[in-house]
Amino acid sequence: MIAVRGRPSVVRGAFAGRVILAVRQSDGGARRCRLLFPTDFARHNAEVASLWEAYAAGSPPRVPMILGVSSRYFIFSAEANPAGLTFEEYSNDADVMLEAQVHFANWSRHHIAHDVELGPPTEGWDVRVDFQNYYEAGWFGCPIVYPESEVPDTLPAFSDDDGKRRLLANGVPDPFSGLMARSIDYYETMCRRQEAGRTYLGYPIRSVTMCGLGTDGPFTVACNLRGATEMCLDLLVDPGYAHELLDLITEATIARISAYRRYLGEPVVRPAFGFADDSIQSLSVDTYVEFVLPCHRKLVSAFADPSLPSIPPSMPPPLGPQRAFALARHNSVHLCGDASRLYPLLARELGVRQFDTGFPIDFAWVRSQLGTDCHILGGPNVELLRQGPAQHVAGEVRRILESGVTAGRRFILREGNNLAPGTPIAHLLAMYEANQLYGRYD
Numbered sequence: 002m003i004a005v006r007g008r009p010s011v012v013r014g015a016f017a018g019r020v021i022l023a024v025r026q027s028d029g030g031a032r033r034c035r036l037l038f039p040t041d042f043a044r045h046n047a048e049v050a051s052l053w054e055a056y057a058a059g060s061p062p063r064v065p066m067i068l069g070v071s072s073r074y075f076i077f078s079a080e081a082n083p084a085g086l087t088f089e090e091y092s093n094d095a096d097v098m099l100e101a102q103v104h105f106a107n108w109s110r111h112h113i114a115h116d117v118e119l120g121p122p123t124e125g126w127d128v129r130v131d132f133q134n135y136y137e138a139g140w141f142g143c144p145i146v147y148p149e150s151e152v153p154d155t156l157p158a159f160s161d162d163d164g165k166r167r168l169l170a171n172g173v174p175d176p177f178s179g180l181m182a183r184s185i186d187y188y189e190t191m192c193r194r195q196e197a198g199r200t201y202l203g204y205p206i207r208s209v210t211m212c213g214l215g216t217d218g219p220f221t222v223a224c225n226l227r228g229a230t231e232m233c234l235d236l237l238v239d240p241g242y243a244h245e246l247l248d249l250i251t252e253a254t255i256a257r258i259s260a261y262r263r264y265l266g267e268p269v270v271r272p273a274f275g276f277a278d279d280s281i282q283s284l285s286v287d288t289y290v291e292f293v294l295p296c297h298r299k300l301v302s303a304f305a306d307p308s309l310p311s312i313p314p315s316m317p318p319p320l321g322p323q324r325a326f327a328l329a330r331h332n333s334v335h336l337c338g339d340a341s342r343l344y345p346l347l348a349r350e351l352g353v354r355q356f357d358t359g360f361p362i363d364f365a366w367v368r369s370q371l372g373t374d375c376h377i378l379g380g381p382n383v384e385l386l387r388q389g390p391a392q393h394v395a396g397e398v399r400r401i402l403e404s405g406v407t408a409g410r411r412f413i414l415r416e417g418n419n420l421a422p423g424t425p426i427a428h429l430l431a432m433y434e435a436n437q438l439y440g441r442y443d
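Counting with our numbering, you get residues 2 to 443 for the letters of the sequence shown.
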């Protein structure tokens, strides 16, 4: 049990959070741990680099921890975003997006503790065209909305009977049309800023990543286009249409990713492929097999060839967790919600060996079903992280780490999933410290 003594406090500036923990051990004794944001950046970064190299080699000394911290967290944080930048402002100007990202990256590097490079960037800032999770539906023609205090989203544009047929008649969109034309324009604008020597705090832009190189999954996109209720009804009362629509979305996804990889001069086919499809959590195993598995097979077949070298020659391996993933030769999937009943099928049929999970997940059951060769990412419910208190966060981290999920040393601790706005820094520090205490291998 981990108990917080006194009220957790946040110290602004270089020391991002400070809280005193008393760790009660089984022998009745206790030891005190002072949670401090790692400010010896050189030491932290060297340890983290060594940790990820060891993880890639299959022998990490402890469980690595990462946090999925998106622009959603920063934009709705008064500390990270004191100017009150809105998502609409952020999303509608490439230069505003770029400047916000480097500001947020610097803030994160000095406030949020996890196993990534902290402090000033060694090589520079990484920026990207950030159209969140609305870019695929927007590309198909759904209107974009900017709800107050929430991320941008789209409204279903093809929910009625006329719309559902029009969607098929429209066919595969041009990969460089509609919203994606704006995405390409943003990408080229950011690249021009990089080439012109744009800096922030004296550090250059290291990389620019374009939008649309992945997918949120054919069934999830179908739910965005039709509406979740309408799409689920299609599966039941108009299965022929459901198959046609899912095939169309899959073909469009393959066409877009292929076109963008060629545009970037990168190989279309690589050793492995990663994708998401959160909405399949709504499907039974039989329904998934009938309607969606064929689409996932097409995606994997289009982009993954395990006989290829791990890293294409033109793409040097990155640092940190991305290096471990880049060196891997396994397909991966991100699935929020509890789709764990589908995990064994995904592993068997699609060669998925990395599962990025949300909540609620029975980690012991998942490990028992997948075996020790699969990589599992997951951790405390994001709402628990937001609400706390810190001792409950630490207790949940310990419970997960002691569940058996770490067998095989292929577990990465993270929030489950996508850090919620308003999550106190003290709760993240409690998570980080608990992982340091309970995530070490014998």
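Yeah, the Cβ is synthetic: ideal placement off N, Cα and C, and Gly gets one too.
So if DSSP puts residue i in a beta bridge, which residue, or which two residues, is it bridged to?
{"i": "V209", "result": "V128"}
{"i": "V394", "result": "Answer is none; V394 lacks a bridge partner."}
{"i": "D357", "result": "H335 and L378"}
{"i": "Y204", "result": "Y201"}
{"i": "G59", "result": "Paired residues: none, contrary to the question."}
{"i": "P155", "result": "Reading off the sequence shown, one finds Thr at residue 155, where the question assumed Pro. In DSSP, T155 forms a bridge with I145."}
{"i": "G417", "result": "N382"}
{"i": "A305", "result": "R271"}
{"i": "M232", "result": "Paired residue(s): none; M232 is not in a bridge."}
Taking just the CA atoms, how far does residue j sit from residue i?
{"i": "G85", "j": "E149", "result": "12 Å"}
{"i": "R399", "j": "G266", "result": "45 Å"}
{"i": "T221", "j": "S280", "result": "5 Å"}
{"i": "T123", "j": "S109", "result": "15 Å"}
{"i": "Q355", "j": "A158", "result": "34 Å"}
{"i": "R262", "j": "A256", "result": "10 Å"}
{"i": "S72", "j": "F88", "result": "9 Å"}
{"i": "A305", "j": "Q282", "result": "24 Å"}
{"i": "V97", "j": "A273", "result": "34 Å"}
{"i": "E189", "j": "E291", "result": "41 Å"}
{"i": "S92", "j": "L429", "result": "28 Å"}
{"i": "R6", "j": "S404", "result": "Note on R6: pLDDT 30, under 50, position unreliable in the model; the coordinate value appears next. Answer to the nearest angstrom: the Cα atoms are 27 Å apart."}
{"i": "L420", "j": "F360", "result": "13 Å"}
{"i": "R25", "j": "Y439", "result": "Note on R25: pLDDT 33, under 50, position unreliable in the model; the coordinate value appears next. If I take the Cα positions, the gap works out to 13 Å."}
{"i": "G29", "j": "Q437", "result": "Unreliable positioning characterises G29 in this predicted model, as indicated by a pLDDT of 35, which lies under 50. The coordinate reading is nonetheless provided below. Approximately 20 Å, taken between the alpha carbons."}
{"i": "A435", "j": "P153", "result": "34 Å"}
{"i": "D443", "j": "A57", "result": "18 Å"}
{"i": "F177", "j": "I185", "result": "7 Å"}
{"i": "R441", "j": "S51", "result": "15 Å"}
{"i": "S160", "j": "Q133", "result": "22 Å"}
{"i": "A95", "j": "R183", "result": "9 Å"}
{"i": "G69", "j": "L234", "result": "33 Å"}
{"i": "V12", "j": "E151", "result": "Interpretation of V12 is limited by its pLDDT of 31, a score under 50 that renders its predicted location unreliable; the figure taken from the coordinates is listed afterwards. Taking the straight line from one Cα to the other gives about 27 Å."}
{"i": "I113", "j": "A391", "result": "15 Å"}
{"i": "L336", "j": "E350", "result": "16 Å"}
For the alpha helix (DSSP H) that residue i lies in, which residues bound it at each end?
{"i": "H428", "result": "I426 to Y439"}
{"i": "A95", "result": "A95 to R110"}
{"i": "L414", "result": "Per DSSP, L414 belongs to no alpha helix (DSSP H); it is in the beta strand (DSSP E), F412 to L414."}
{"i": "H244", "result": "P240 to Y264"}
{"i": "N171", "result": "D162 to N171"}
{"i": "I185", "result": "L180 to E196"}
{"i": "E350", "result": "Y344 to L351"}
With distances taken between CB atoms, is the gap from residue i to residue j smaller than 8 Å?
{"i": "G380", "j": "G417", "result": "yes"}
{"i": "E118", "j": "N46", "result": "yes"}
{"i": "A81", "j": "F105", "result": "yes"}
{"i": "L343", "j": "V286", "result": "yes"}
{"i": "C116", "j": "I67", "result": "According to the sequence as given, residue 116 is Asp; it is not Cys. Yes, these two residues count as a Cβ contact at 8 Å."}
{"i": "G179", "j": "W140", "result": "yes"}
{"i": "L378", "j": "I413", "result": "yes"}
{"i": "L386", "j": "P345", "result": "no"}
{"i": "L169", "j": "L249", "result": "yes"}
{"i": "Y187", "j": "T155", "result": "no"}
{"i": "D278", "j": "P219", "result": "yes"}
Of all the options the options, which has the alpha carbon lying nearest to the alpha carbon of residue i?
{"i": "P121", "options": "R73, T200, V406 and Q133", "result": "T200"}
{"i": "D162", "options": "T358, F360, D131 and Y242", "result": "Y242"}
{"i": "L236", "options": "S208, E189 and L284", "result": "L284"}
{"i": "I426", "options": "Q388, D443 and V406", "result": "Q388"}
{"i": "G172", "options": "R207, E245, W53 and Y289", "result": "E245"}
{"i": "P39", "options": "H111, Y74, Q370 and P62", "result": "H111"}
{"i": "T210", "options": "V128, P422, L385 and L99", "result": "V128"}
{"i": "I362", "options": "T216, S160 and E397", "result": "E397"}
{"i": "S259", "options": "A303, T288 and P295", "result": "A303"}
{"i": "A431", "options": "F177, A395, P61 and V406", "result": "A395"}
{"i": "H376", "options": "T407, N382, R349 and L168", "result": "T407"}
{"i": "R411", "options": "Y74, P176, R44 and W53", "result": "W53"}
{"i": "Q195", "options": "A277, F364, F77 and L99", "result": "L99"}
{"i": "P310", "options": "P295, H297 and P268", "result": "P268"}
{"i": "S308", "options": "R271, V103, S341 and A229", "result": "R271"}
{"i": "G203", "options": "W126, Y74 and N225", "result": "W126"}
{"i": "Y264", "options": "V367, G213, F364 and T424", "result": "G213"}
{"i": "V334", "options": "W366, A365, H297 and F364", "result": "H297"}
Grab the span of the beta strand (DSSP E) containing residue i for me, first residue to last.
{"i": "F274", "result": "Where F274 is concerned, there is no enclosing beta strand (DSSP E), given that its DSSP letter is neither H nor E."}
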